[in-house]
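Just below is one structure, and these are the notes that go with it.
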Amino acid sequence: MTQGDGTRPTELELRKDLARHLRAGHPWVFRKAVERAPRGLEAGSIVDVVEEGRFVARGYYDPHSAIAVRILTRDSAEAVDEAFWRRRIRRALRLREELVRGTSAYRLVHGESDGLPGVVLDRYGDYAVLKLYSAGLTPYRARIVEALREEASGLAGVFGRDEVPRDEEAVEPAPQGRVLWGAEPPERVEVDEHGMKLLVDVRRGQKTGLFLDQRENRRLVRELAPGRREALNLFGYTGGFSVAAALGGAGHVVTVDVDREAVALARDNFRANGLDAADHAFASDDAFDVLKRYRAQGRLFDLVVCDPPAFAKSQKAVEGAVAGYAALNRAALQVLAPGGLLVTASCSARVSAEQFYDAVKEAAFKARVDLQLVEERRQPPDHPVAPQFREGRYLKCLVYRRAS
Numbered sequence: 001m002t003q004g005d006g007t008r009p010t011e012l013e014l015r016k017d018l019a020r021h022l023r024a025g026h027p028w029v030f031r032k033a034v035e036r037a038p039r040g041l042e043a044g045s046i047v048d049v050v051e052e053g054r055f056v057a058r059g060y061y062d063p064h065s066a067i068a069v070r071i072l073t074r075d076s077a078e079a080v081d082e083a084f085w086r087r088r089i090r091r092a093l094r095l096r097e098e099l100v101r102g103t104s105a106y107r108l109v110h111g112e113s114d115g116l117p118g119v120v121l122d123r124y125g126d127y128a129v130l131k132l133y134s135a136g137l138t139p140y141r142a143r144i145v146e147a148l149r150e151e152a153s154g155l156a157g158v159f160g161r162d163e164v165p166r167d168e169e170a171v172e173p174a175p176q177g178r179v180l181w182g183a184e185p186p187e188r189v190e191v192d193e194h195g196m197k198l199l200v201d202v203r204r205g206q207k208t209g210l211f212l213d214q215r216e217n218r219r220l221v222r223e224l225a226p227g228r229r230e231a232l233n234l235f236g237y238t239g240g241f242s243v244a245a246a247l248g249g250a251g252h253v254v255t256v257d258v259d260r261e262a263v264a265l266a267r268d269n270f271r272a273n274g275l276d277a278a279d280h281a282f283a284s285d286d287a288f289d290v291l292k293r294y295r296a297q298g299r300l301f302d303l304v305v306c307d308p309p310a311f312a313k314s315q316k317a318v319e320g321a322v323a324g325y326a327a328l329n330r331a332a333l334q335v336l337a338p339g340g341l342l343v344t345a346s347c348s349a350r351v352s353a354e355q356f357y358d359a360v361k362e363a364a365f366k367a368r369v370d371l372q373l374v375e376e377r378r379q380p381p382d383h384p385v386a387p388q389f390r391e392g393r394y395l396k397c398l399v400y401r402r403a404s
């Protein structure tokens, strides 16, 4: 089978006994799994992965990554042409149309689990943000954008975040990304999330601007907030959990994040929802330092949200990450009032749900508090998980009640 440009894909021979993982549905071929790649094979080249000359799967090549090939299809008759990208985008959008409700901000394409490994597309109102996680996708950026334009309705523009232009002589830092199609997005895009307004910086914000995978958990915090006098949001970023708690009825919310710009945007998010930021507290500080001070002061909270960045960036870091989660949750539990709720999350894909659960269990033991697990949650439907790609099942969110 030829590619969309009429040429035959280069064949890459797999090492012995590795093809079964690909046939079972896993989308990655690591560099060490390939016998030998031809010299000069460019990033984005479509390749056929073979075992003893027999076709196994087709994907794109990335010479700069430990993942040498990301699989696009296991059908030898399916060409990776313009129609291919449209089909995959269309299929991804159909899922969102069927399952996503009550929000103008959600994930359009979730990489491997939508059959487009390395591609992330998020929608914020009238704007889409594209982030490519492999140099092998660069030649297909225009096709992805064109397919999105054809299949998605109501878009004013598409903004790309996979590359950061830099000018070493510039006094001001260069904005991140660039417009790929349509209008330039405003400095802050306002979105509606189940009736809560959030302002999103799609240029400089983390990921594509907002942690969309926590959307339904922010809604949960709003439902849990009534009657909570004091709430604490650690690693609060732009205050999504904080605003949710305040809208839900929490009397006083403290938002903590080391990023001053994120904290400033958190204040604005309170104002955007008709909340007086002066009634709440904001700290540009380290979460561990804040927890240490609050414990020394004997200060207690009725609701604590703990949503740190990923602690394990590699498999070697897992043991340290589990210890870090235990230490963090222990410190959080030491400022949680009896009868209070702890909403704690991990987005480290390499840390399993059981490991995270055990970390909180150890934290409770060392903090000498009794806990009740009242809810366990994962990512929402716009972040689907392919059964063969367990790495995609990354988000864990646990809700505990401290026994009175």
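Per the working numbering, the sequence shown starts with residue 1, numbered consecutively. Just so it is clear, CB atoms sit at the ideal spot from N, CA and C, and this is done for glycine as well.
| Asked | Found |
| --- | --- |
| If you run the structure through DSSP and keep just helix, strand and coil, what is residue 211? | coil |
| Measuring CB atoms only, is the segment 326 to 336 touching the segment 247 to 265, in the sense that at least three cross pairs come out at less than 8 Å? | no |
| Can you tell me which residues form a DSSP beta bridge with residue 294? | Its beta-bridge partners do not exist; DSSP assigns none. |
| Have a look at residue 171 and residue 227 and give me their C-alpha separation to the nearest angstrom. | Caution is warranted here: a pLDDT of 44 is assigned to residue 171, below 50, making its placement in the model unreliable, and no coordinate value can be reported. |
| Mapping DSSP to helix, strand and coil, what is residue 15? | coil |
| Which full runs of the beta strand (DSSP E) of 3+ residues lie inside the segment 61 to 138, going along the chain? | 67 to 73, 105 to 110, 119 to 124, 127 to 132 |
| Which one of 403, 83, 384, 390 has the shortest CA to CA distance from residue 100? | 384 |
| Roughly how far, in whole angstroms, is the beta-carbon of residue 71 from the beta-carbon of residue 27, given that I think they are within contact range, below 8 Å? | 5 Å |
| Can the beta-carbon of residue 275 be found closer than 9 Å to that of residue 301? | no |
| Tell me the rounded alpha-carbon separation between residue 41 and residue 139. | 14 Å |
| Work out the CA separation of residue 143 and residue 117 for me, nearest whole Å. | 15 Å |
| If you follow the beta strand (DSSP E) that residue 376 is in, where does it begin and where does it stop? | 371 to 377 |
| Cβ-heavy atom distance between residue 112 and the ligand NAP below 8 Å? | The ligand NAP is not among the ligands present in this structure, which contains no ligands whatsoever. |
| May I ask you to report which of helix, strand or coil DSSP gives residue 320? | helix |
| By the DSSP assignment, the beta strand (DSSP E) with residue 198 in it spans what residues? | 196 to 200 |
| Does the distance from the CB of residue 127 to the CB of residue 202 come in under 9 Å? | yes |
| Put residue 282 into one of helix, strand or coil per three-state DSSP. | strand |
| Would you check if the distance between the CB atom of residue 342 and the CB atom of residue 271 is smaller than 9 Å? | no |
| Distance check for residue 253 and residue 160, CA to CA, integer angstroms please. | 34 Å |
| Helix, strand or coil for residue 400 per DSSP? | strand |
| Would DSSP call residue 45 helix, strand or coil? | coil |
| Tell me the residue span of the alpha helix (DSSP H) that contains residue 263. | 260 to 272 |
| Whose C-beta lies closer than 7 Å to the C-beta of residue 185 among residues of the same chain, with five residues either side of it excluded? | 127, 157, 159, 202 |
| Excluding the 5 residues flanking residue 114 on each side, which residues of the same chain have their C-beta closer than 6 Å to its C-beta? | 92 |
| Report buried or exposed for residue 351, applying the criterion of at least 16 other Cβ atoms within 10 angstroms of its Cβ. | buried |
| Exposed or buried, which one is residue 373 when buried takes at least 16 other CB atoms within 10 Å? | exposed |
| Have a look at residue 361 and residue 396 and give me their C-alpha separation to the nearest angstrom. | 15 Å |
| Is residue 159 helix, strand or coil by DSSP? | strand |
| Suppose the cutoff is 7 Å on Cβ atoms and the five residues either side in sequence are ignored; what does the same chain contact list for residue 290 look like? | 256, 283 |
| Short of 6 Å in beta carbon distance, which residues of its chain neighbour residue 162, apart from the five on each side in sequence? Order them along the chain. | 131, 132 |
| Per DSSP, which residues does residue 256 bridge with? Please list them. | 283 |
| Could you tell me which whole beta strand (DSSP E) segments of length 3 or greater appear in the segment 225 to 252? | 230 to 234 |
| Mind checking who residue 191 pairs with in its DSSP beta bridge? | 198 |
| If you run the structure through DSSP and keep just helix, strand and coil, what is residue 51? | strand |
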